[in-house]
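Asker: Numbering (the working numbering), first residue to last: 62 to 195.
Using N, Cα and C, we set each Cβ at its ideal position, and we do this for glycine too.
None of the values given here were measured: they were computed from a predicted structure.
Have a look at the structure that comes next, please.
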C-alpha cells in the first residue's frame, strides 16, 4: 500500500530535436505519480484543494541516470517514505519499457491552508491513511 505505479507515454512536445525528454519534464511525470498515488488511496487532490488544503513541494532531489525518449511508455514508481507533523515524503523512480532505471527522485511536500498559505496539519482522513502505512 506504500507503493504505487502508473504509466505515461512520452509526448513529442516533451522532447528536444533528438527525441530526448527535456530534463524539466520529469517533474510533471513525478507529479502524475504522486497524484495517482493519492487517488489509489481514495484521496482526490482536487477535493483536498476544494476543502482548502494544498500540498506544495518544498524540496526535491532528482538524479538522472538515462534519457527517456519520444513515444516510450514510462512507468512511474511512487513510494511513501514518511510523514511527520505537516510534511510528507516520497521516493520516486521512472523506468522505461525495457525496465531500465531512468530517473530517481525524492520529494518533501507540506500541507498548507490555501486560505492563509501557512503550514497546517493534514486532514483527519489523510492521518487515518498514514496510520495504515506504518
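(1) What residue does the beta strand (DSSP E) around residue 141 start on, and which one ends it?
(2) Among 138, 151 and 166, which has the Cα closest to the Cα of residue 116?
(3) Quick one: Cα of residue 96 to Cα of residue 126, how far?
(4) Are the beta-carbon atoms of residue 102 and residue 190 separated by less than 8 angstroms?
(5) Restricting to Cα atoms, I'd like to know which of 112, 77 and 154 is closest to residue 175.
(6) How should residue 62 be labelled, buried or exposed, when 16 other C-beta atoms within 10 angstroms of its C-beta is the threshold for buried?
Answerer: Result, derived from the coordinates:
(1) Locating residue 141 in the chain shown gives position 80, counting from the first residue. Bounds of the beta strand (DSSP E) holding residue 141 are 134 to 145.
(2) Reading the chain shown from its first residue, position 55 is the one you call residue 116. Nearest of 138, 151 and 166 to residue 116, Cα basis: 151.
(3) Position 35 of the chain shown holds residue 96. Position 65 of the chain shown holds residue 126. Residue 96 and residue 126: Cα-Cα distance of roughly 24 angstroms.
(4) Within the chain shown, numbered from 1, the residue matching residue 102 stands at position 41. Within the chain shown, numbered from 1, the residue matching residue 190 stands at position 129. Residue 190 is positioned such that its CB atom lies closer than 8 angstroms to that of residue 102.
(5) Residue mapping note: residue 175 aligns to position 114 of the chain shown, counting from 1. Looking only at 112, 77 and 154, the smallest Cα-Cα distance to residue 175 is reached by 112.
(6) The residue you call residue 62 lines up with position 1 of the chain shown. By the beta-carbon neighbour count (other beta carbons within 10 angstroms, threshold 16), residue 62 is exposed.
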